[in-house]
Amino acid sequence: AVKYEVQIKQEDGGDFTTISDSLTSTLVRKKNLKPNTQYFARVRHRDALDWSNFCEPVPFQTLTGAEVNRLENPKIVSKDAESLTVQWPTVPDCESYTVEMRSDKEPLWRPISDHLKNNIVRKKNLDKHVMYYFRVKPNLGVESGSWFFSPPSEGATLADLPPFLSNLLTPTLIDAQGTSKPVSSLAGSVVALYCSASWCGPCRQFTPQLSQFYTQMKQLGKPFEVVFLSCDRDSKSFSNYFGHMPWLAVPFDSDKRENALGALQVEGIPKLVIVGANGMVLQDNAVGTPLNAQKLDSWIAGRP
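Under full-length UniProt numbering, the letters of the sequence shown match residues 1 to 304, in that order.
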């Protein structure tokens, strides 16, 4: 599309009125509408040749002119390759919330749930490279006054794996049971690349500390993953050592394992390379760094 035309009209009839016929964006804000009134909007686009037909009219309702109760817009607190996690402020004495979602692909609001007990939700089964928006409303009785939906969240897409990691690691990783998982599952997380071996005494001392930290952070729902890059000399040693680890690994027989160790300039072990969700190396070796939630939050924010 080269440009868009947007028209609106009131519920009680009349003709559609053009707001603009030269929009280059898919977002427009119309002021000076009547409060507590239903309107209809429709859109068409123009390409290099001609205008398309208008879409089916979409209804929307303006808020009442009186003071209204609305939550602040919800926040996207984390995202990965499969889901977006949305959170909003709590309302006293509210037992449940209604959450709705729309996207650039499907512009009409549709409910995710009308009985969420908590003030956070993880939405899965989304399409990649599509922008999503969320809004929320507390479910309260009439005695609490009228509550309207919050303003929408900022738009968010599913996370993509940074090229640094997709080039460094194998397309498929494995867990200690031999189950495969796509490397894209790391998207949106802080990734710790753990270079270690079973024959290394300091490694055997550090691994339980890292394992405890990893388990605690996963229980807290933090976007944090560890990928094991083995420095062992044979596959049996790798399997025995990796069998006690709770995270993923690059398969031992993959050429990319040794290539990754070279790219990370591993000269001594244990080595724990911290990679931010944007693909930037935040810490060349975090062995010896106090591992706690505050430190992980710093890495999540993109700080060393």
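For each residue, glycine too, the CB sits at the ideal point set by N, CA and C.
Problem set entry | Outcome for glycine 276 when other beta-carbon atoms lying within 10 angstroms are tallied against a minimum of 16 | buried
Exercise. Is the beta carbon of valine 287 less than 7 Å from the beta carbon of leucine 272?
Worked result: yes
For this session: Give the single residue among Asn167, His45, Pro138 whose Cα lies nearest to the Cα of serine 22.
Result: His45
Exercise. Exposed or buried, which one is tryptophan 199 when buried takes at least 16 other CB atoms within 10 Å?
Worked result: exposed
Exercise. Do the region 171-185 and the region 209-220 make contact, defined as three or more Cβ pairs closer than 8 Å?
Worked result: no
Problem set entry | Length-filtered (4 minimum) alpha helix (DSSP H) runs lying within the UniProt domain "Thioredoxin" (162-304) | 163-168, 201-219, 235-242, 255-263, 293-300
Exercise. Nearest to lysine 117 by alpha carbon, out of Pro89, Ser83, Asn69?
Worked result: Pro89
Exercise. Are leucine 140 and tryptophan 147 touching if we call contact CB-CB under 7 Å?
Worked result: yes
For this session: Can you give me the Cβ contacts of serine 166 inside the same chain, cut-off strictly under 7 Å, excluding the 5 residues immediately before and after it?
Result: Val183
Problem set entry | Own chain residues within Cβ distance below 8 Å of glutamate 72, not counting five before or after | Trp88, Pro89, Ser150, Pro151
For this session: Use the C-beta contact count for lysine 124: other C-beta atoms within 10 angstroms, 16 or more gives buried, fewer gives exposed.
Result: exposed
Problem set entry | 8 Å contact criterion, which aspartate 232 and tyrosine 241 should meet: CB distance rounded | 6 Å
For this session: Report, in whole angstroms, the separation of the C-beta atoms of alanine 260 and leucine 296, which I expect to be a contact under 8 Å.
Result: In fact, because the Cβ distance is near 23 Å, the residues do not count as touching under 8 Å.
For this session: With a threshold of 16 other CB atoms inside 10 Å of the CB of alanine 301, please say whether the residue is buried or exposed.
Result: exposed
Exercise. For lysine 75, which residues from the same chain have a beta carbon less than 6 Å from its beta carbon, with the 5 sequence-adjacent residues on both sides left out?
Worked result: Gln87
Exercise. Nearest to arginine 29 by alpha carbon, out of Ser103, Ser254, Thr62?
Worked result: Thr62
Exercise. For the putative contact between arginine 122 and serine 185, defined by C-beta atoms under 8 Å, what is the C-beta separation to the nearest angstrom?
Worked result: About 15 Å separates the two Cβ atoms, so there is no contact after all.
Exercise. Mapping DSSP to helix, strand and coil, what is glutamate 72?
Worked result: coil
Problem set entry | Residues near arginine 110 in its chain [Cβ-Cβ closer than 8 Å; skip 5 each side] | Glu100, Met101, Arg102
For this session: Provide the residue(s) that pair with serine 113 in DSSP beta bridges, ordered along the chain.
Result: Val99
Exercise. Of all the options Ala192, Val2, Lys137, which has the alpha carbon lying nearest to the alpha carbon of aspartate 47?
Worked result: Val2
Exercise. Which partner residues does serine 20 have in the DSSP bridge list?
Worked result: Val6
Problem set entry | Beta-carbon contacts of serine 52 that lie in its chain and below 6 Å, excluding the five residues immediately before and after | Arg44, His45
Exercise. Which stretch, first to last residue, makes up the beta strand (DSSP E) that contains arginine 46?
Worked result: 38-46
Exercise. On the premise that leucine 282 lies in contact with leucine 193, defined as a C-beta separation below 8 Å, what is that separation, rounded to the nearest angstrom?
Worked result: No, leucine 193 and leucine 282 are not in contact; Cβ-Cβ is about 11 Å, not under 8 Å.
For this session: Mark valine 68 as exposed unless 16 or more other C-beta atoms lie within 10 angstroms of its C-beta, in which case mark it buried.
Result: exposed
For this session: Would you mind stating whether lysine 16 and glutamine 10 have Cβ atoms separated by less than 7 Å?
Result: Here the sequence assigns phenylalanine to residue 16, which means lysine is not the residue at that position. For phenylalanine 16 and glutamine 10, no; Cβs fall outside 7 Å.
Problem set entry | C-alpha distance - aspartate 50 paired with threonine 26, whole-angstrom precision | 18 Å
For this session: Using alpha carbons as the reference points, say which of Leu210, Lys137, Glu106, His244 lies closest to aspartate 127.
Result: Glu106
Exercise. How would you call glycine 13, buried or exposed, if buried means at least 16 neighbouring beta carbons within 10 angstroms?
Worked result: exposed
Exercise. Mind checking whether arginine 42 and phenylalanine 60 have CB atoms under 7 Å apart?
Worked result: no
For this session: Quick one: using the 10 Å Cβ neighbour count with 16 as the cut-off for buried, is glycine 268 buried or exposed?
Result: exposed
Exercise. In terms of residue numbering, what span does the beta strand (DSSP E) encompassing leucine 84 cover?
Worked result: 84-87
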